[in-house]
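Student:
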Ligand SMILES: Cc1ncc(COP(=O)(O)O)c(C=O)c1O
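Residue numbers (our numbering): 20 to 430.
Written out as structure tokens, the structure is:
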């Protein structure tokens with residue numbers, strides 16, 4: 020049967036083929052596998068290591084600020100490109116936490132309704148049809164998706180363990196470089212947990228200048244760092260403000276995913292281009308939420324407490340995974356542990372992809388992870404699993420280890 024909308028959907032969404040693909044994407048596969056596992060074993064609790072969001076709610080300081088500000092008449096208006104107090108708080112935050120100095124709050128910073136829409140809007144600022152986005156894979160795909168929507172092309176830079184999960188900028192062919200307009204990087208990185216050092220950021224800035232490319236660093240996990248690695252901004256590299264823009268989020272560092280607060284900081288012309296697109300897209304985040312965001316940015320103890328919890332959980336998780344045969348290392352940033360997927364089991368099962376392993380873990384052990392098959396076969400375990408006390412954290416990890424060991428995985 021034909022439908023009125025069959026020939027109405029844009030080509031960028033697949034045109035006549037929209038909604039007809041039979042390919043099942045990985046998050047849908049995971050959802051289905053979880054539902055099937057629950058049906059088959061209603062009495063066994065699923066251990067969810069796949070979650071990409073904090074398990075804690077926002078801090079009570081932040082919640083109280085929202086509840087005090089929500090009803091004030093002066094907060095009711097469209098917020099457009101944001102209130103200056105938020106820009107000022109963000110600039111102070113970047114100086115205090117990342118040591119980035121000389122930021123003009125009004126010229127270099129604009130808020131976003133979370134960082135996801137910012138990453139969607141940035142290609143609208145820089146990509147013309149035929150332009151290339153250089154992007155790291157595996158990774159957060161929004162900027163690449165929008166680049167394709169706009170008739171741009173995407174060139175993937177694989178993140179390999181052999182290069183500390185940093186892209187090899189020297190490997191990009193000259194023909195690609197000629198058409199490249201944007202480079203998207205994400206450090207600390209989702210999913211690998213890798214961090215960049217100052218030398219890498221300096222190399223990125225040099226590369227951008229030499230090749231006339233704008234750089235976006237997605238710093239959604241920027242403040243979540245461990246074991247002596249201090250939060251590091253692309254903007255702390257000499258000359259970064261000439262070529263770069265960094266996207267920050269309150270979602271992960273302040274346990275505020277659903278609140279939708281983020282901001283960009285970077286080159287004034289680039290930020291102004293973003294502000295123009297944003298102004299034509301949304302009318303700004305609710306002022307009361309921006310004020311709650313200021314409360315968060317002024318109280319970095321919230322992040323410090325969160326880091327202590329994640330760090331403790333990483334120690335437990337890494338030990339447990341290694342005892343079960345994985346080769347796990349504690350990351351320096353993010354809340355993810357990225358480990359090579361097993362190749363099979365000692366009783367003869369063979370896995371061809373991490374997706375197969377992930378499904379197997381859900382089905383046979385009721386453990387949920389996120390698989391990545393973009394550059395090697397890896398599983399992502401998140402330390403944001405549900406546990407209300409340190410004792411419970413240990414119990415969850417012990418139970419996870421017990422279940423994995425029973426599978427007799429081979430690597
Ligand atoms: C790498 C990365 N960037 C950006 C985001 C988006 O975060 P938000 O829109 O909540 O700021 C996420 C969320 O998972 C992420 O993993």
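Ideal Cβ placement from N, Cα and C applies to all residues, glycine included.
What do you reckon, is the C-beta of residue 205 under 8 Å from a heavy atom of ligand 1?
Tutor: yes
Student: Which of the three DSSP states is assigned to residue 400 in this structure?
Tutor: strand
Student: I believe residue 221 touches residue 257 by the beta-carbon criterion, under 8 Å. Please report the beta-carbon distance rounded to the nearest angstrom.
Tutor: Taking C-beta atoms under 8 Å as the contact rule, residue 221 and residue 257 qualify, at a distance of about 7 Å.
Student: I want to know whether the segment 194–203 touches the segment 55–62 - three or more CB-CB distances under 8 Å.
Tutor: Output reads no: the segment 55–62 does not touch the segment 194–203.
Student: Take residue 74 and list the residues in its own chain whose beta-carbon comes closer than 8 Å to its own, dropping the five residues that flank it on each side.
Tutor: 403, 404, 405, 406
Student: Contact defined as beta carbons within less than 8 Å: I believe residue 211 pairs with residue 357. What is the distance between those atoms, to the nearest angstrom?
Tutor: 5 Å
Student: Report the option in 231, 239, 284, 305 whose CA atom is closest to the CA atom of residue 128.
Tutor: 284
Student: Just to confirm the assignment, what range does the beta strand (DSSP E) spanning residue 320 have?
Tutor: Boundaries around residue 320 are those of the alpha helix (DSSP H), 320–342, since no beta strand (DSSP E) includes it.
Student: Comparing C-alpha positions only, which one of 159, 214, 165, 172 sits nearest to residue 185?
Tutor: 214
Student: Whole alpha helix (DSSP H) runs in the segment 113–158 with 4 or more residues, listed along the chain?
Tutor: Those alpha helix (DSSP H) runs which fall completely within the segment 113–158 and span 4+ residues are 124–127, 134–145.
Student: Hey, out of 250, 401, 45, whose CA is closest to residue 112's CA?
Tutor: 250
Student: Are residue 234 and residue 191 touching if we call contact CB-CB under 9 Å?
Tutor: Their beta carbons are not under 9 Å apart, which means residue 234 does not touch residue 191 by this criterion.
Student: Taking only runs of the beta strand (DSSP E) that begin and end inside the segment 347–390, which ones reach a length of at least 3 residues, in chain order?
Tutor: 355–359
Student: Applying the 10 Å Cβ sphere with the 16-neighbour rule, what's the burial state of residue 399?
Tutor: buried
Student: Leaving aside the five residues before and after residue 436 along the sequence, list all residues of the same chain whose C-beta is less than 6 Å from its C-beta, in chain order.
Tutor: Not covered by the structure: residue 436. The range shown for the chain is 20 to 430.
Student: Starting from residue 204, follow its DSSP beta bridges and name the residues at the other end.
Tutor: 236
Student: Suppose you measure from the CA of residue 122 to the CA of residue 26; what does that come to, to the nearest Å?
Tutor: 49 Å
Student: Going by the C-beta, is residue 108 closer than 8 Å to any heavy atom of ligand 1?
Tutor: no
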